[in-house]
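**Student:** In order, the protein sequence lines correspond to chains L and S. Mapping to numbering that gives the first Met the number 0: the first sequence position 158 is 157, numbers consecutive. Mapping to numbering that gives the first Met the number 0: the second sequence position 271 is 270, numbers consecutive. I am attaching a structure below and will ask some questions about it afterwards.
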Amino acid sequence: MPKRDLISIEDLSRADVELLLDTAESFLPVLERDIKKVPTLRGRTIINLFWEASTRTSSSFDLAAKRLSADTLALKASGSAVEKGETLKDTAITLSAYSPDIIVMRHPSAGACQTLSANTEASVINAGDGKHQHPTQCLLDLFSMRQNLGRDLDGLRVFIIGDILHSRVARSDIMGFKMLGMDVTLVAPPTLMPRGIEEMGVTVEYDLANLKDADVIYLLRIQRERIKAGAAYLPSLREYSRLWGISQARLRPGQRVMHPGPINRGVEIASDIADDDENLIAHQVFSGLAVRMAILYRTIVGYSDGSASGEVL
Amino acid sequence: MERTWCKHLPAAELLIKGGRVVDPGSGVDAVQDVLVKKGKIAEIGKGLKAGKNTRVVDAGGMLVLPGFVDLHAHFRTPGREDEEDIATASAAAAAGGYVAAFGMANTDPVVDTAPILRGLAQQATADAVVPVGFFAAVTKGLGGDELTEMGELGAAGAVGFSDDGRPLPTAAITRRALQYVKVSGRFVAIHAQDDSLFKGGQMHEGPASARLGLTGIPSLCESLDVSRSLDIAAYEDAALHVCHVSSAASLEAIARAKEAGVRVTAEVTPHHLVMNDAVVATLDPNVKMNPPLRAESDREALVEALRSGVVDCVATDHAPHASEEKDVPYEEAPFGVIGLETAFSVLYAGLVEAGELELATLVTRMSAAPARIAGLEAPAIAAGATADLCVVDPAAVWTVTPETLQSRSWNSPWLGKDLTAKVRLTVAAGRVAWDDLA
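Here it is as structure tokens:
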């Protein structure tokens with residue numbers, strides 16, 4: 000079987016996505032047991048390379064591998080040979096000497112997963128590369144939507160609001176949401192909206208006038224760097240919050256709020272929403288574990304269904 | 000005055016039989032024999048006979064073309080001989096059918112004084128298999144603020160002046176350069192780029208960059224500088240050459256200026272003529288160059304401009320990079336690709352065979368037109384002319400690999416791919432510089 004990478008959400012067909020979500024669902028009982036571990040990937044080796052800061056993604060990948068009984072190895076840029084100037088190609092060659100089955104990587108540069116994949120026999124899973132893609136985030140978002148809003152996501156109206164320009168999450172989500180038949184609207188300040196993004200089949204808006212049409216409101220983090228002199232994307236966080244920030248006052252009943260985290264209270268999201276049980280933000284974190292278990296599992300046993308999901312438990 | 004240098008090789012004695020000779024300059028497009036004696040074209044006709052000591056080349060089914068001239072290459076010498084030197088660059092040129100090539104001045108040290116230029120000329124006399132020449136910098140150290148001694152550099156044989164790799168940063172220095180270049184009788188070649196719009200750019204700005212999440216380089220970044228420089232050239236009545244034009248907006252400005260009588264010439268690279276920004280989705284560092292591959296509509300406009308003459312010539316922007324520099328994630332890779340050895344192959348298949356451009360037009364744009372801009376005699380397949388020609392097998396398939404390339408680097412967008420139209424023989428300045436017939 001040739002190795003299977005997951006670099007972009009476009010590496011998956013709709014059937015693959017649905018199989019991953021079903022597989023994640025089948026893992027849920029495991030996560031509710033006292034002994035939260037299955038022997039499925041015993042003897043397999045999974046390496047986590049996080050060349051960029053991460054809390055949710057790195058911890059959930061690590062835990063997912065452990066829940067499946069795989070051996071894991073975690074490396075960060077600081078304290079590794081990267082600080083001594085080792086290239087990614089050489090890191091890939093070095094780690095491949097341990098014959099890992101999967102290398103999960105987060106990297107600041109788009110194209111890093113291709114470089115890694117070209118230099119290892121292991122399957123590469125992209126945990127975020129530059130502003131390019133974050134496919135596992137998209138899959139966990141889909142899982143949270145399915146668990147909370149019903150299995151059929153077709154026709155669901157999603158507004159993605161925030162710094163679209165710098166967001167790998169937005170790019171993966173647009174592709175994944177569209178794949179499952181959702182209707183996607185992007186809202187951002189004009190300076191943070193990529194030119195030509197409408198060709199991805201989304202509606203582009205610059206204000207919240209049509210927010211009432213949304214079933215799901217997906218917020219993106221606004222980074223402080225965007226207001227620095229020389230960047231000049233935004234005049235102030237205060238103005239951002241006034242024009243694009245979401246508080247209860249802007250919502251109608253039934254609208255569900257999502258956010259990939261970490262949130263900026265008082266900027267893109269008001270505390271009255273952040274602290275409200277109706278939002279899906281904590282569920283997204285929970286989904287991350289089940290979905291990443293499913294991704295690791297499918298990457299190793301394959302994407303064709305058959306008896307595979309039965310043998311999991 | 001000398002503007003190119005090469006090593007001394009024995010003069011060619013050749014009879015090239017039965018090839019299709021295409022020389023738009025002499026109005027020839029017919030199957031003919033070409034007899035080369037003592038490095039000069041002695042006779043063209045049918046049924047020519049070879050004398051003693053004359054090598055007979057069977058060119059049946061092949062094209063016999065005036066040799067190409069590249070106005071824009073990077074020889075990486077001095078400073079990065081690990082990537083390319085004059086011997087390997089000139090060998091690559093020869094393998095691509097080129098009979099002359101010019102290196103840009105952004106070396107280390109920069110070619111900004113006559114002694115450095117003379118040193119390069121000396122090196123070329125020792126090493127170059129086809130005649131090569133050199134641009135000198137517009138500003139000292141490419142610093143963008145002090146002019147080089149253009150008078151002395153021109154006298155030492157600089158073909159023109161360029162800070163290529165970097166734009167001229169201000170209107171003021173662009174103006175001074177266009178004023179002062181007149182002392183040399185040469186031209187200023189610009190790498191048009193508004194740096195404030197370039198910052199962090201990774202690829203053309205448009206739907207493809209939006210989808211990939213790579214910082215865009217808007218076509219405005221080029222066309223603003225092109226328009227500004229054209230206005231200054233018009234004001235000063237000075238000779239301006241626009242390097243590697245990539246966008247339709249720049250072409251419109253150049254077309255307007257030419258109509259108004261501004262002394263402007265322009266070049267386009269093979270990669271901009273046959274590829275668009277869609278290929279960047281591969282995140283292959285070997286499709287990363289500056290200016291970037293642009294939209295399909297830009298590509299179509301470039302082909303039309305090459306056809307109409309708004310763009311005068313093809314130039315490769317041959318830019319070797321060591322494998323350790325390119326074998327990194329796309330976003331970390333330097334800009335630039337090699338092009339001397341693939342130029343005719345990709346343009347013949349991509350434009351001529353695809354029906355987008357006449358062969359005669361392509362030949363003119365690769366040979367006579369750039370020769371004229373460089374101040375060289377146009378290569379011609381005509382009795383009495385120095386033999387500056389190449390023989391191309393249009394049907395031959397070859398694979399681009401580090402081993403099949405003469406260049407010391409292999410950062411080609413076509414690495415690992417099969418190309419058609421192989422240059423089999425190059426005769427430059429009357430000497431056989433490339434022989435792939437055996």
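Even glycine gets a Cβ: it sits at the ideal position worked out from N, Cα and C.
Using CA atoms only, rank isn't needed, just tell me which of L/105, L/134, L/91 and L/127 is closest to residue 117 of chain L.
**Tutor:** Along the first sequence, one-based indexing puts residue 117 of chain L at 118. Nearest option by C-alpha distance: L/91.
**Student:** Mind listing which residues of the stretch 271–282 of chain S have their C-beta closer than 7 Å to chain L's C-betas, in chain order?
**Tutor:** Of all residues in the stretch 271–282 of chain S, 282 have a Cβ within less than 7 Å of some Cβ in chain L.
**Student:** Taking residue 146 of chain L as part of the alpha helix (DSSP H), name the residues at either end of that continuous run.
**Tutor:** For this step, residue 146 of chain L is matched to residue 147 along the first sequence. It spans 134–148 - the alpha helix (DSSP H) in which residue 146 of chain L sits, taken as one unbroken run.
**Student:** Specify the secondary structure class of residue 119 of chain S as computed by DSSP and reduced to three states.
**Tutor:** Taking the second sequence and counting its residues from 1, the one referred to as residue 119 of chain S is at position 120. Note: residue 119 of chain S maps to helix in three-state DSSP.
**Student:** Spatial neighbours of residue 409 of chain S within its chain, please: CB distance less than 6 Å, with the 5 preceding and 5 following residues excluded, ordered by chain position.
**Tutor:** Residue numbering aside, residue 409 of chain S sits at position 410 when the second sequence is read from its first letter. 401, listed in sequence order.
**Student:** What ranges does the beta strand (DSSP E) occupy inside the stretch 123–197 of chain S, keeping only unbroken runs of at least 3 residues that lie completely in it?
**Tutor:** With a minimum length of 3 residues, the continuous beta strand (DSSP E) runs that stay inside the stretch 123–197 of chain S are 131–133 and 187–189.
**Student:** Check whether the stretch 165–176 of chain S and the stretch 162–172 of chain L touch, using three or more Cβ-Cβ pairs below 8 Å as the test.
**Tutor:** Contact fails: fewer than three Cβ-Cβ distances are below 8 Å.
**Student:** Exposed or buried, what is residue 96 of chain L when buried is set at 16 or more other beta-carbons lying within 10 Å of its beta-carbon?
**Tutor:** The residue labelled residue 96 of chain L in the question sits at position 97 within the first sequence. Exposed, by the Cβ-count rule.
**Student:** The stretch 183–206 of chain L: which residues have C-beta closer than 7 Å to a C-beta of chain S, in chain order?
**Tutor:** Within the stretch 183–206 of chain L, the qualifying residues are 193, 194, 195, 196, 198 and 199.
**Student:** Shorter than 7 Å from the beta carbon of residue 311 of chain L to some beta carbon of chain S?
**Tutor:** The count along the first sequence starts at 1 and reaches residue 311 of chain L at position 312. At residue 311 of chain L, the pLDDT of 49 sits below 50, so the modelled position is not reliable and the matter cannot be decided from this model.
**Student:** Cβ closer than 7 Å: which chain L residues qualify as neighbours of residue 331 of chain S?
**Tutor:** For the purposes of this step, residue 331 of chain S is taken as residue 332 along the second sequence, with counting starting at 1. Correct list: 108.
**Student:** Taking its Cβ as the centre, do 16 or more other Cβ atoms sit within 10 Å of residue 312 of chain L, making it buried, or is it exposed?
**Tutor:** Taking the first residue of the first sequence as position 1, residue 312 of chain L is located at position 313. Bear in mind that a pLDDT of 45 at residue 312 of chain L, under 50, signals an unreliable position, so the number given afterwards is only what the model happens to contain. Exposed.
**Student:** Say whether chain S places a C-beta atom closer than 7 Å to the C-beta of residue 93 of chain L.
**Tutor:** The sequence position of residue 93 of chain L within the first sequence is 94, counting from 1. It does not; no Cβ of chain S falls within 7 Å.
**Student:** Straight-line CA distance for residue 37 of chain L to residue 300 of chain L?
**Tutor:** Translated into the one-based positions of the first sequence, residue 37 of chain L becomes position 38. Translated into the one-based positions of the first sequence, residue 300 of chain L becomes position 301. Taking the straight line from one Cα to the other gives about 15 Å.
**Student:** Residue 253 of chain S: which of S/307, S/281, S/46 and S/271 sits nearest, CA to CA?
**Tutor:** As a position in the second sequence, residue 253 of chain S is number 254, starting the count at 1. Nearest of S/307, S/281, S/46 and S/271 to residue 253 of chain S, Cα basis: S/307.
**Student:** Does the stretch 29–41 of chain S come into contact with the stretch 157–164 of chain S, if we say contact requires no fewer than three beta-carbon pairs (one atom in each stretch) closer than 8 Å?
**Tutor:** With a cut-off of 8 Å, the stretch 157–164 of chain S and the stretch 29–41 of chain S do not count as touching, because too few Cβ pairs lie within range.
**Student:** Please report how far the alpha carbon of residue 41 of chain L lies from the alpha carbon of residue 87 of chain L, in whole angstroms.
**Tutor:** Numbered from its first residue, the first sequence carries residue 41 of chain L at position 42. Numbered from its first residue, the first sequence carries residue 87 of chain L at position 88. Near 28 Å, if we compare the C-alpha coordinates of residue 87 of chain L and residue 41 of chain L.
**Student:** Determine, using beta carbons only, whether residue 59 of chain S comes closer than 7 Å to chain L.
**Tutor:** Translated into positions along the second sequence, residue 59 of chain S becomes position 60. It does not; no Cβ of chain L falls within 7 Å.
**Student:** According to DSSP, is residue 413 of chain S part of a helix, a strand, or is it coil?
**Tutor:** Within the second sequence, numbered from 1, the residue matching residue 413 of chain S stands at position 414. Three-state result, residue 413 of chain S: coil.
**Student:** Hey, residue 55 of chain L and residue 200 of chain L are a contact pair by Cβ (cut 8 Å); roughly how many whole angstroms apart?
**Tutor:** For the purposes of this step, residue 55 of chain L is identified with residue 56 of the first sequence, where counting begins at 1. For the purposes of this step, residue 200 of chain L is identified with residue 201 of the first sequence, where counting begins at 1. 28 Å between Cβ atoms; not a contact.
**Student:** Please work out which residues of its chain come closer than 6 Å, Cβ to Cβ, to residue 240 of chain L, disregarding the five sequence neighbours upstream and downstream, and give them in chain order.
**Tutor:** As a first step, residue 240 of chain L must be located in the first sequence, where it is residue number 241. Answer for residue 240 of chain L: 266, listed in chain order.
**Student:** Which residues in chain S sit within 8 Å of residue 86 of chain L, going by Cβ to Cβ distance?
**Tutor:** On the first sequence, position 87 is the one that residue 86 of chain L refers to. The answer, in chain order, is 323, 326 and 327.
**Student:** Counting Cβ pairs, one atom from each stretch, are 3 or more of them under 8 Å apart for the stretch 213–226 of chain S and the stretch 239–256 of chain S?
**Tutor:** Contact holds: three or more Cβ-Cβ distances are below 8 Å.
**Student:** So, with DSSP's three-state summary, where would you put residue 165 of chain L?
**Tutor:** Working through the first sequence from its first residue, we reach residue 165 of chain L at position 166. Coil.
**Student:** Could you give the first and the last residue of the continuous beta strand (DSSP E) run that contains residue 397 of chain S?
**Tutor:** The residue labelled residue 397 of chain S in the question sits at position 398 within the second sequence. Per DSSP, residue 397 of chain S belongs to the beta strand (DSSP E) from 388–398.
**Student:** Beta carbon of residue 258 of chain L, beta carbon of residue 143 of chain L: below 7 Å?
**Tutor:** As a position in the first sequence, residue 258 of chain L is number 259, starting the count at 1. As a position in the first sequence, residue 143 of chain L is number 144, starting the count at 1. Contact: no.
**Student:** Checking contacts by CB at 7 Å: is residue 293 of chain S closer than that to chain L?
**Tutor:** Taking the first residue of the second sequence as position 1, residue 293 of chain S is located at position 294. It does not: the Cβ of residue 293 of chain S has no partner Cβ on chain L nearer than 7 Å.
**Student:** Taking a Cβ distance cut-off of 9 Å, strictly less, list which residues of the stretch 196–223 of chain S are near chain L, in chain order.
**Tutor:** The stretch 196–223 of chain S vs chain L, Cβ under 9 Å: 198, 201, 204, 205, 206, 207, 208, 209, 210, 211, 212, 213, 214, 215 and 217.
**Student:** If contact means a Cβ-Cβ distance below 9 Å, which residues of the stretch 108–135 of chain L contact chain S?
**Tutor:** Cβ contacts with chain S come from 108, 109, 110, 111, 112, 113, 114, 115, 117, 118, 128, 129, 130, 131 and 132.
**Student:** Taking only beta-carbon atoms, is residue 225 of chain L less than 7 Å away from chain S?
**Tutor:** Within the first sequence, residue 225 of chain L is the residue found at index 226, counting from 1. Closer than 7 Å: no.
**Student:** With a CB to CB cut of under 7 Å and the five nearest residues on each side skipped, what residues in its chain are close to residue 326 of chain S?
**Tutor:** Numbered from its first residue, the second sequence carries residue 326 of chain S at position 327. Result list for residue 326 of chain S: empty, nothing under 7 Å.
**Student:** Please compile the residues from chain S whose C-beta is within a distance smaller than 9 Å of the C-beta of residue 170 of chain L.
**Tutor:** The residue given as residue 170 of chain L occupies position 171 in the first sequence. The answer, in chain order, is 209, 210, 211 and 212.
**Student:** Within 10 angstroms of the Cβ of residue 209 of chain L, are there 16 or more other Cβ atoms? Answer buried if so, exposed if not.
**Tutor:** Stepping through the first sequence from its first residue, residue 209 of chain L is reached at position 210. Classification of residue 209 of chain L: exposed, given that the 10 Å Cβ count is below 16.
**Student:** Which two residues bound the contiguous alpha helix (DSSP H) that contains residue 296 of chain L?
**Tutor:** Here residue 296 of chain L corresponds to residue number 297 of the first sequence, with the count starting at 1. Note, residue 296 of chain L: alpha helix (DSSP H), 280–300.
**Student:** Grouping DSSP H, G and I as helix and E and B as strand, with all else coil, what is residue 421 of chain S?
**Tutor:** Counting from one through the second sequence, the residue named residue 421 of chain S turns up at place 422. DSSP places residue 421 of chain S in strand when its eight states are reduced to three.
**Student:** Thinking just about the alpha-carbon of each residue, which of L/114, L/180 and L/110 is nearest to the one in residue 13 of chain L?
**Tutor:** In the first sequence, residue 13 of chain L corresponds to position 14, counting from 1. Nearest C-alpha to residue 13 of chain L: L/180.
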